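Chains as they are written, first to last, in the working numbering: chain A, 772 to 1373; chain B, 772 to 1373.
Number of protein chains: 2
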Amino acid sequence: MRTSIATVCLSGSLTEKLTAASRAGFDGVEIFENDLLASPLTPEEIRTRCADLGLSIDLYQPMRDTEAVPADEFARNLRRARNKFELMRRLGADTVLVCSSVSPLALDDDDLAAEQLSRLADLAQEFGIRVAYEALAWGRHISTYDHAWHVVESAGHPALGTCLDSFHILSRGSNPKGIEDIPGEKIFFLQLADAPLLAMDVLQWSRHYRCFPGQGGFDIAGLLRHVLRTGYEGPLSLEVFNDVFRQAEAAPTAVDAHRSLLVLQEAAGVTQLPPPDVPSGIAFAELATPDAQPVTQVLGALGFTRTARHRSKPVDLWQQGEARILINTGTAARRESTALAAIGLESPHPSAAARRAEALLAHVLPRRRTPEDVPLDAVAAPDGTELFFCSTDRPELPDWQTDFTPIEEHRAADTAAASTGLTTVIGRIDHLALTQLWHHFDEAILFHSSVLGLRPQESVDVADPYGLLRSRAVSTADGAVRIVLTVGATPTERDAPAQHIALGTDDVVAGARCFRAAGGHLLKIPTNYYDDLAARFDLTDDELATYQELGILYDRDAGGVFRHCYTRTVGRVFFELLQRDAGYQGYGAQNAPVRLAAQHMA
Amino acid sequence: MRTSIATVCLSGSLTEKLTAASRAGFDGVEIFENDLLASPLTPEEIRTRCADLGLSIDLYQPMRDTEAVPADEFARNLRRARNKFELMRRLGADTVLVCSSVSPLALDDDDLAAEQLSRLADLAQEFGIRVAYEALAWGRHISTYDHAWHVVESAGHPALGTCLDSFHILSRGSNPKGIEDIPGEKIFFLQLADAPLLAMDVLQWSRHYRCFPGQGGFDIAGLLRHVLRTGYEGPLSLEVFNDVFRQAEAAPTAVDAHRSLLVLQEAAGVTQLPPPDVPSGIAFAELATPDAQPVTQVLGALGFTRTARHRSKPVDLWQQGEARILINTGTAARRESTALAAIGLESPHPSAAARRAEALLAHVLPRRRTPEDVPLDAVAAPDGTELFFCSTDRPELPDWQTDFTPIEEHRAADTAAASTGLTTVIGRIDHLALTQLWHHFDEAILFHSSVLGLRPQESVDVADPYGLLRSRAVSTADGAVRIVLTVGATPTERDAPAQHIALGTDDVVAGARCFRAAGGHLLKIPTNYYDDLAARFDLTDDELATYQELGILYDRDAGGVFRHCYTRTVGRVFFELLQRDAGYQGYGAQNAPVRLAAQHMA
């Protein structure tokens, strides 16, 4: 279906907005009146600019409090409408949106509304324009889509139809099933917006908290299915008022927006995309660092050994059980400090995973490789993390490890590690925690869920001593892949919360002891925390003493127990060592404020 | 009365919070459990630290879902309580807060609640601790203060009383009059928080949007009066959960908090502060600049002439009618770019104004002057702007102009200015627009209203192309002093909106023409804006053509018409030239998005 976006969804000048919409693949735009008023381009120039960018102008909405008003008021409205219709002719826009009146002057008189809308449609027809009438959720007398349709139907004017807006319909709790009673050719326009399920004043909710489909709590795909059954053939148009998008860069927001419409069409069965290729595990995590020594020292103490080196790049493979970490000191890794730069996702069908990512507008990364290297598909996540779709130890597929040459010293190191006992206790990467860009948190969630087929968990607020963090995990059903996305309290990158790699073990106490014995430093947790643990849980004194000695934090839910401790931070990265009962679903968020305070102290 | 603040109101480590609370003048603190758990200090060390800082520990709140629960659950709660009472003894805290249960396990059984609270109070008594029971607004069965009091009363236990919280009472719309039915000695604690009047889920409202008294929409002073009539003698304690305060620096937030309690006590008639000395006008605005030339060029084109020079500092006085602008190029003015650094407020009794400011914790500025200079009282506003309380042309008081020596060239310049005609058309500073620090916007409003006696107007959202701005004016009843406080979309200072000086004239068209004739550059406004004006208002073609030629924006409300245009920005400052009908109350906010877009374009 054709896709469209209201310019109010994007930041910047009108020119910047149009360029971003075009580049993200939209077919058309709704031009928001303030964007036109503030633009130095004439309507004709805007029309040409849009045509050059391959964008139609699908809607203009200059009217307010148009219908069901006293006669003198309506005369003024008609006068204003004529002026605006002339403008629309210059602009080449053929559909005008009229929202139901909110003015205290508006009368509770459907017949008057129908009559005045007909007269407006008469005038519009002279200009070749169609009037799309929409019920605002806070309209004074007309606030539901069926009521608005009833008025349109009774007017019976060929140039008058209705506009449906998913926010106005779903925020009122209206049943969208009734949409199927409207003939498709009388639905002149469809505006789509999602929103988080907040119990708040609907006007504030609408003005500040709308989001793109799939990023909120409404069943937009369900609504779309009803609309499609009517035979509607117009565009799917996004109209999202959101404080965050207003500040964000227009280009990535436009991509995020267009992706949301692709996912929506897939969910509604309108289009077929390459199906998700859900990863079955984490093949590796890659740290980029200007100086490998500090981080490899920590890895060594965690029992990792350097097992291989990339044959053409300065990248080492460190391994411990099934946990593999790449240390990249190459040019691509020229960062200020150690950071989590890439994730290898164990993909059932790597090329299929890449096709879906590309279809969903992921930024496909060039294959930086020499001719003999294994072809690896990779895309960039919204936060810039590189995601590699790869295969490990599966004979039927090219193996990313082929590019690595085993290291002789490995044997010796392995023996040393074995002596610390850690080879037996750390087995896998339990989860990765990535810091997101403030303006692109919802985008990151939709990206990971739609591109990778991971399921988003509930959003959690975490109190850092210097501001509230928001954290949301995406994971596979079986927990084989878990990624925790966290966003800082402020839109700056200053003091962004650190990223981390959480390593799963079957015995966190043994793991922590071995780490310490090998010279590792564990984050110190205050005694007061353990006094509180004693009050909250039935733990033996020995158990408590052990946890306190090692800085192990403790949590429990209906499914089981979770114990975890932390290394010092190196650059922007630290490691978590954890022991998770199979039934425990969380990440110890309850303990995060204590951990964050301890990290600020360290 | 004694004042107290919950550590959750302030950012940072527990030590940072305690220090900030003490320095701002609080007598005590409520220690929030997470702050204690995350602190490396032992309870005894915290007790000593508080004592050293002159702070009592007035409350601790470690209990959740305590009462009206099944017997086994209650047994666990008692066990936990014993542990926490031991901690409180070490801490030296004698009052524990118990909030009404929210757990699905809680039973709707007031007798059981009373019985279990009595048993808890028995245990507390062993430790010399009092139990203050409070109704959470979202308590499962007990959610109103009178219900909680009924349970406390029926328990009839000497160590059990009630805690009142203004948010929980007023957010539910309860009538606080009934507080007077509670004996004062049974009100064990009083927590105060205000909040903006939002229609939203009360739990979210409470957790994220509370603010200090006087910064929201509740009548906290009215509630306090009811409490005082009971004979309550405990502390006034702030418990404010707020996303912004969590990020802000603790020290200024603590000052803001303490100021709010001083203003509250004045409003409730508990204390007397020096009364407000409402300014009667703006004596001068002072621009600090590293290079006077660009800004004085604009001033010259606006018809200002340099009339005097400070006798001991590199400060020039530029004047046009009653509008006086100081240009400071001295060391105190070493800023990166031109900025509005100080405001001279025409004060009926300058020393009285200063006394009130000091009593309300304003930062009093040292008098940087030579012995012969006029003594000028000055304080810093939260955004750092220096506010001078001064007198102009009033023989009974020292005149700030005495420090300035008239300039000979004045005469000649005056003649030149007269030839442009501008001397007759600009007469006064209509308003000043100041950019606020993101984390201290509410503080700034309370500061200007309480310290200066200015009235806050409604808050207005303004759409900048790169994010939403929030703007709120404070003014005198007669409009003689108007200050518009604006906060940017993000908490960074990057791209902070510019400040401006708005000059009132009786003929904006003549003023704009003279400015242009004198070489001034006016901000260009897009043609589309004027097409829209034509649609919205009955303006003659001539009028429209004139406005468009000069870039004059137009607004109208019930009280009259407002016309305004803008100079180019110099450093961080620009000038507005405006003509205001006496009845027009606003600032042309409707036109701000067009102006902001044009400024980004320029």
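Using N, Cα and C, we set each Cβ at its ideal position, and we do this for glycine too. A quick note: this is a predicted structure, and the numbers were derived from the prediction, not measured.
Does the Cβ-Cβ distance between A:A792 and A:V800 come in under 7 Å? Taking the first residue of the first sequence as 1, we reach residue 792 of chain A at position 21. Taking the first residue of the first sequence as 1, we reach residue 800 of chain A at position 29. Going by C-beta atoms, A:A792 is nearer than 7 Å to A:V800.
DSSP three-state label for B:P1023, please. Your numbering for residue 1023 of chain B matches position 252 in the second sequence. Looking at B:P1023 - three-state DSSP - the assignment turns out to be helix.
Distance between A:M772 and A:T1024 (C-alpha atoms, nearest Å): Within the first sequence, the letter at position 253 stands for residue 1024 of chain A. Within the first sequence, the letter at position 1 stands for residue 772 of chain A. Approximately 20 Å between the Cα atoms of the pair.
So which residues on chain B does A:Q1319 lean against when the C-beta distance must stay under 9 Å? Here residue 1319 of chain A refers to the residue found at position 548 when the first sequence is read from its first residue. Here the premise fails: no neighbours, minimum Cβ distance about 13 Å.
Below 7 Å CB to CB, which residues in the same chain sit around B:R1351 once its five sequence neighbours on both sides are set aside? Residue mapping note: residue 1351 of chain B aligns to position 580 of the second sequence, counting from 1. Cβ within range, chain order: D1201, G1275 and F1333.
Straight-line Cα distance separating A:A1215 from A:F938: As a first step, residue 938 of chain A is located in the first sequence; it is residue number 167 there, counting from the start. As a first step, residue 1215 of chain A is located in the first sequence; it is residue number 444 there, counting from the start. A:F938 and A:A1215: Cα-Cα distance of roughly 22 Å.
Quick check on B:A1072: buried or exposed, where buried means 16 or more other Cβ atoms within 10 Å of its Cβ? Walking along the second sequence from the start, residue 1072 of chain B turns up at place 301. That one is buried.
Any contact of the region 1113 to 1133 of chain B with the region 999 to 1019 of chain B, i.e. 3+ C-beta pairs under 8 Å? no
Contact list for the region 1300 to 1313 of chain B against chain A, Cβ threshold 8 Å: Y1300, D1302, D1303, A1305, A1306 and R1307
Straight-line Cα distance separating B:T866 from B:L891: Counting from 1 along the second sequence, the entry for residue 891 of chain B is found at position 120. Counting from 1 along the second sequence, the entry for residue 866 of chain B is found at position 95. Their Cα atoms are separated by approximately 13 Å.
Chain B contacts from the region 845 to 866 of chain A (Cβ-Cβ distance under 7 Å): R851, N854, K855 and L858
In terms of residue numbering, what span does the beta strand (DSSP E) encompassing B:E1057 cover? Indexing the second sequence from 1 puts residue 1057 of chain B at position 286. From DSSP, the beta strand (DSSP E) with B:E1057 extends over G1052 to A1059.
Strictly under 7 Å for the Cβ-Cβ distance: is A:D972 near chain B by that measure? As a first step, residue 972 of chain A is located in the first sequence; it is residue number 201 there, counting from the start. Yes, contact with chain B.
Please list, in chain order, the residues of the region 778 to 795 of chain A that have any C-beta partner in chain B closer than 7 Å. S782, G783 and S784
Leaving aside the five residues before and after A:L1032 along the sequence, list all residues of the same chain whose C-beta is less than 6 Å from its C-beta, in chain order. Within the first sequence, residue 1032 of chain A is the residue found at index 261, counting from 1. Hits under 6 Å: T774 and L1007.
Within the same chain, show all residues whose beta-carbon is closer than 8 Å to that of A:H1134, passing over the 5 residues directly before and after it, in chain order. Against the first sequence, residue 1134 of chain A aligns to sequence position 363. If we look at A:H1134 and ignore the five residues flanking it on each side, its Cβ neighbours are V1150 and A1151.
Using beta carbons (cut-off 7 Å, strictly below), is A:R818 in contact with chain B? For the purposes of this step, residue 818 of chain A is identified with residue 47 of the first sequence, where counting begins at 1. Taking Cβ atoms only, chain B never reaches closer than 7 Å to A:R818, which makes this a no.
Out of A:G1101, A:F845 and A:V973, state which residue places its alpha-carbon closest to the alpha-carbon of A:P1085. By 1-based counting over the first sequence, the position of residue 1085 of chain A is 314. Of the candidates A:G1101, A:F845 and A:V973, the one whose C-alpha sits nearest the C-alpha of A:P1085 is A:G1101.
Helix, strand or coil: how does DSSP classify B:N946 here? By one-based count along the second sequence, residue 946 of chain B stands at place 175. Correct three-state label for B:N946: coil.
Answer with yes or no whether the minimum CB distance from A:A930 to chain B is below 7 Å. What you label residue 930 of chain A is simply residue 159 of the first sequence in a count that begins at 1. Judged by the 7 Å Cβ criterion, A:A930 is not in contact with chain B.
My assumption, with CB atoms under 8 Å, is that B:Y1355 sits in contact with B:G1331. Please give the rounded CB distance. Translated into the one-based positions of the second sequence, residue 1355 of chain B becomes position 584. Translated into the one-based positions of the second sequence, residue 1331 of chain B becomes position 560. With 8 Å as the limit, B:Y1355 and B:G1331 qualify as a contact, their Cβ atoms being about 4 Å apart.
Is the beta carbon of A:T1001 less than 7 Å from the beta carbon of A:T1060? Working through the first sequence from its first residue, we reach residue 1001 of chain A at position 230. Working through the first sequence from its first residue, we reach residue 1060 of chain A at position 289. Their beta carbons are not under 7 Å apart, which means A:T1001 does not touch A:T1060 by this criterion.
Give me the Cα-Cα distance between B:P1177 and B:P1119, rounded to the nearest whole angstrom. Residue mapping note: residue 1177 of chain B aligns to position 406 of the second sequence, counting from 1. Residue mapping note: residue 1119 of chain B aligns to position 348 of the second sequence, counting from 1. Their backbone Cα atoms lie some 25 Å apart in a straight line.
Would you say B:Y1237 lies against chain A (beta-carbon separation less than 7 Å)? As a first step, residue 1237 of chain B must be located in the second sequence, where it is residue number 466. By this cut-off, B:Y1237 is an interface position.
Tell me the residue span of the alpha helix (DSSP H) that contains A:W976. As a working mapping, residue 976 of chain A is identified with position 205 in the first sequence. That run of the alpha helix (DSSP H) goes V973 to Y980.
Alpha helix (DSSP H) runs contained entirely in the region 1278 to 1345 of chain B, provided each spans 4 or more residues: 1279 to 1288, 1298 to 1307 and 1312 to 1321
Does the Cβ of B:E1107 have 16 or more other Cβ atoms within 10 Å, making it buried, or fewer, making it exposed? Locating residue 1107 of chain B in the second sequence gives position 336, counting from the first residue. Looking at its Cβ environment, which holds fewer than 16 other Cβ atoms inside 10 Å, B:E1107 is exposed.
Can you tell me which of A:A1039, A:T1156 and A:A1128 puts its alpha carbon nearest to the alpha carbon of A:L1205? Start at 1 with the first residue of the first sequence, and residue 1205 of chain A comes out as number 434. It is A:T1156 whose Cα lies nearest to the Cα of A:L1205.
For the region 844 to 913 of chain B, which segments carrying the beta strand (DSSP E) assignment without a break, of at least 3 residues, lie completely within its bounds, in sequence order? 866 to 870 and 901 to 905
What's the C-alpha gap between A:S942 and A:A908? By one-based count along the first sequence, residue 942 of chain A stands at place 171. By one-based count along the first sequence, residue 908 of chain A stands at place 137. Straight-line Cα distance between these residues: approximately 7 Å.
Using a Cβ cut-off of 7 Å (strictly closer), state whether B:V1365 contacts chain A. Position 594 of the second sequence, counted from the start, is the residue given in the question as residue 1365 of chain B. Yes, because at least one Cβ of chain A sits closer than 7 Å to the Cβ of B:V1365.
Any beta-carbon of chain B closer than 7 Å to the one on A:N1362? Locating residue 1362 of chain A in the first sequence gives position 591, counting from the first residue. No, because no Cβ of chain B sits closer than 7 Å to the Cβ of A:N1362.
With distances taken from CA atoms, which of B:T1173, B:Y1358 and B:L1239 is nearest B:Q1228? Translated into positions along the second sequence, residue 1228 of chain B becomes position 457. Residue B:Y1358 is the option with its Cα nearest to B:Q1228.
Using Cβ-Cβ distances below 7 Å, what residues of the region 1005 to 1028 of chain A are close to chain B? D1014, R1017 and Q1018
Just how far apart, CA to CA, sit B:Q1043 and B:E1037? In the second sequence, counting from the first residue as 1, residue 1043 of chain B sits at position 272. In the second sequence, counting from the first residue as 1, residue 1037 of chain B sits at position 266. The straight-line gap from Cα to Cα measures roughly 6 Å.
Do B:L862 and B:I900 have their C-beta atoms closer together than 7 Å? For the purposes of this step, residue 862 of chain B is identified with residue 91 of the second sequence, where counting begins at 1. For the purposes of this step, residue 900 of chain B is identified with residue 129 of the second sequence, where counting begins at 1. No, the Cβ-Cβ distance between B:L862 and B:I900 is not below 7 Å.
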